[in-house]
Amino acid sequence: MVGNARKSTSTFARAENPPVDLGLLRRILYSVFLLVMLLLLWEGLKAFSASNNYELQIGSATIDLSIFSDMQLPHLGDIARAFTEPAQRNGPPLYSTLIENAGYTLQSAVGGFLLGGFFGFLLAVLFAHSRLMQGGCLPYVVASQTVPLIAIAPMIVIWFSRAGNSALSIPVIAAYLTFFPVTIYTLRGLTSVPETALELMQSYAASQWEIFVKLRLPNALPQIFTALKISATASVVGAIIGELPSGFQNGLGVTILNFARYYNQSPPRLWATIAAAGLVGILFFLVIVLVERLIVRWQREDSD
Amino acid sequence: MSAVISIQNVTKMFRGSDGLLVHALDNINLNVEEGEFVSLIGPSGCGKSTLLRTIADLIQPTSGKITVNNKTAAQARKDREYGFVFQSSTLYDWRTVIKNVELPLEIMKWPKNKRDARAREMLGLVELSGFEDKYPWQLSGGMQQRVSIARALAFEPNILLMDEPFGALDEMTRERMNNELLRIWTAIPRMTVVFVTHSIAEAVYLSDHVVVLSPRPGRLATIIDINLPRPRGPETRDHEDYFRLTSQVRHALRSGVRDEVLE
Ligand SMILES: Nc1ncnc2c1ncn2[C@@H]1O[C@H](COP(=O)(O)OP(=O)(O)O)[C@@H](O)[C@H]1O
Ligand SMILES: [Mg+2]
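Residue numbers (the numbering used here), protein chains in the order written: chain A, 1 to 304; chain B, 305 to 567.
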């Protein structure tokens with residue numbers, strides 16, 4: 001046993017001090033680096049096009065570079081400044097308008113995320129326990145995602161306003177986008193249980209419920225979180241698309257529509273709103289990552 | 305003496321993925337007495353795992369009968385008579401070492417404090433005290449397998465079924481695990497062990513009887529009684545009978561394979 005003890009200590013020295021923080025730091029530095037490169041590219045292309053009068057001669061061909069003009073692609077500085085300037089005369093600065101509208105959108109997105117997540121999970125459990133259901137219904141679930149959301153959204157708005165519940169239409173539209181990854185990934189997680197892990201349960205004469213709670217569900221958790229991360233960002237997209245035909249006055253989708261209509265007055269406002277929409281999605285994503293870190297704690301750090 | 309496990313005329317056919325029938329077990333008859341250590345040995349594919357799994361009622365024989373303590377195998381499984389150890393440790397990744405050992409106790413509705421105490425006791429038995437809160441990936445292969453033995457023994461099953469539990473370990477670790485297993489088996493009175501292996505040395509060193517199976521279809525070739533004195537230890541491997549018995553098993557294995565070649 002002496003030899004064994006020595007061997008195990010060395011295994012643990014490696015296991016307990018993994019270079020996690022270094023890896024995380026490196027990843028953060030890397031994404032910051034990529035962002036800086038992207039911003040430099042943005043401004044570099046603009047400067048290059050401006051100095052060539054937005055035209056590039058290659059041999060006899062002329063390439064139009066006007067998409068890099070200030071009208072089409074504003075300076076980053078102008079976009080940043082747009083946040084602090086009022087969108088309407090004597091109104092609040094744009095950032096506070098955006099925060100308020102983002103609040104509405106995020107609310108719908110979270111609603112859609114929960115609704116879609118719950119429904120998607122339920123479908124997966126059903127499919128995991130019935131091959132017949134899976135064979136019969138899964139093709140329709142897949143088909144549902146080939147119909148463009150933008151085509152369905154107006155119908156859902158109409159249905160819910162007829163039912164006198166128009167506030168619900170946006171979360172439902174978002175849910176339409178979020179249930180699908182949850183169903184697919186959860187189903188895979190629930191059914192990809194190793195044969196011997198299942199036989200172990202059978203050797204204890206465990207009930208189906210115990211097998212589900214103590215084996216299938218925890219086995220599926222990493223995949224469920226993969227789905228939830230996709231769903232989190234998709235729910236923000238779904239909420240914004242849902243706002244477009246809703247006729248509501250609030251939300252980032254409505255703001256995007258307004259600023260697009262008056263784009264010529266101030267291009268940076270629309271760009272600032274797009275950036276805000278992206279930020280909301282990233283924020284939601286990061287919340288899920290955090291929850292995942294709290295719950296899925298058993299995995300090797302490098303197996304991410 | 306009463307047979308704890310009685311296998312009568314057991315035959316098992318599988319429908320293979322190509323649709324053809326695989327004759328995995330052919331008319332097996334075997335009795336295992338209470339407290340015995342019995343090994344099943346044979347070339348791979350000869351039906352060792354299949355036989356072990358039919359005893360455990362994880363699969364059902366095509367024909368024939370298995371009784372365990374005068375009950376059907378299915379009833380014995382429901383009565384939690386079996387502890388099963390697989391070749392891969394089959395620990396649940398998301399559970400710590402101690403929670404893995406507690407798994408069967410949770411299913412058998414033990415109260416929390418009793419579960420915890422028993423799991424610690426079992427980890428002590430396999431000499432893994434201090435590793436309670438590690439996750440499986442933090443352990444070496446041998447340690448993982450010891451956890452799975454602790455888990456199999458936690459609810460005091462009458463019968464321990466082991467399917468090549470040390471097959472993936474290196475020779476040194478395997479010999480050490482063999483000694484541990486004998487120590488544990490001795491410590492638990494009247495526990496019957498059925499142990500699948502393809503190592504002749506391991507089978508002879510551990511067992512009271514070595515059951516030699518021959519392949520295609522899986523038949524019981526012969527049973528070799530191992531009358532080496534107990535307790536066994538490193539000196540057992542130098543015992544003159546040890547050499548005689550290992551070569552006897554080797555010959556039985558070879559003749560089983562030769563039959564197949566001639567057929
Ligand atoms: N579930 C199964 N379906 C089809 N064939 C199987 C199945 N399990 C085992 N077999 C076949 O039965 C024979 C015996 O297998 P097994 O008991 O695993 O052998 P061993 O454990 O001795 O290596 C092999 O030919 C194997 O391919
Ligand atoms: Mg096998």
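Backbone N, C-alpha and C define an ideal beta-carbon position, used for all residues, glycine too.
Just so you know, these numbers come straight off a predicted model, no measurement behind them.
Does residue i pass the burial test, meaning 16 or more other C-beta atoms within 10 Å, or should it be called exposed?
i               : result
P18 of chain A  : With a pLDDT of only 46 at P18 of chain A, under 50, the local geometry of the prediction cannot be trusted, and the value read off the model is given with reservation. Exposed: under 16 other Cβ atoms inside 10 Å.
D361 of chain B : buried
N264 of chain A : exposed
R494 of chain B : exposed
K382 of chain B : exposed
L34 of chain A  : exposed
G59 of chain A  : exposed
F547 of chain B : exposed
A61 of chain A  : exposed
W209 of chain A : exposed
F48 of chain A  : exposed
E544 of chain B : exposed
Y396 of chain B : buried
L344 of chain B : buried
D529 of chain B : exposed
T400 of chain B : buried
G111 of chain A : buried
T496 of chain B : buried
R558 of chain B : exposed
L200 of chain A : buried
V291 of chain A : exposed
N165 of chain A : exposed
I282 of chain A : exposed
M426 of chain B : buried
T273 of chain A : buried
G251 of chain A : buried
R534 of chain B : exposed
Once DSSP output is grouped into helix, strand and coil, what is the label at residue i?
i               : result
M311 of chain B : Reading off the sequence, residue 311 of chain B comes out as Ile, not Met. Strand.
N584 of chain B : Coverage of chain B is limited to positions 305 through 567, which leaves residue 584 of chain B absent and any answer about it impossible.
V291 of chain A : helix
Q57 of chain A  : strand
H129 of chain A : helix
V193 of chain A : coil
L177 of chain A : helix
E460 of chain B : coil
M476 of chain B : helix
D467 of chain B : strand
S559 of chain B : helix
L486 of chain B : helix
D78 of chain A  : helix
Y509 of chain B : helix
L306 of chain A : Residue numbering for chain A in the displayed model covers 1 to 304; residue 306 of chain A lies beyond these limits and cannot be assessed.
T376 of chain B : strand
G323 of chain B : coil
G387 of chain B : strand
T273 of chain A : helix
V32 of chain A  : helix
G242 of chain A : helix
R89 of chain A  : coil
L344 of chain B : strand
Give the residues of chain B in contact with residue i, contact being defined as C-beta atoms less than 8 angstroms apart.
i               : result
A197 of chain A : T394, Y396
E243 of chain A : Neighbours of E243 of chain A on chain B: none; closest Cβ ~39 angstroms, over 8 angstroms.
So with CB distances below 7 angstroms, who are the chain B contacts of residue i?
i               : result
W298 of chain A : D397, W398, Y439
E100 of chain A : By Cβ distance, chain B contributes nothing, its closest Cβ being about 41 angstroms from E100 of chain A, past 7 angstroms.
Under 8 angstroms between beta-carbons, which chain A residues line up against residue i? List them in chain order, please.
i               : result
K382 of chain B : A205
F547 of chain B : Per Cβ cutoff of 8 angstroms: no residues; F547 of chain B is ~27 angstroms from chain A at best.
L362 of chain B : E199, Q202, S203
F390 of chain B : T196, E199, L200
Since residue i meets chain A, which of its residues come closer than 7 angstroms, beta carbon to beta carbon?
i               : result
P408 of chain B : Y204
Y386 of chain B : S203
F318 of chain B : Here the premise fails: no neighbours, minimum Cβ distance about 14 angstroms.
Which residues in chain B have a C-beta closer than 9 angstroms to the C-beta of residue i? List them in chain order.
i               : result
P74 of chain A  : Result: empty, since nearest Cβ-Cβ is about 49 angstroms, beyond 9 angstroms.
P218 of chain A : Y396, D397, W398, R399
Establish whether the CB of residue i and some CB of chain E are separated by less than 9 angstroms.
i               : result
K229 of chain A : No chain E is present in this structure, whose protein chains are A and B.
Which bits of chain A does residue i rub up against, with CB to CB less than 9 angstroms?
i               : result
I411 of chain B : M201, Y204, A205, A206, S207, E210, K214
Proximal residues, the stretch 30-62 of chain A versus chain B, C-beta separation under 9 angstroms: Across the stretch 30-62 of chain A, no CB contact with chain B closer than 9 angstroms is found for any residue.
At a Cβ cut of 7 angstroms, what residues of the stretch 457-470 of chain B count as close to chain A, listed as they run along the chain? Within the stretch 457-470 of chain B, no residue has a Cβ that lies closer than 7 angstroms to any Cβ of chain A.
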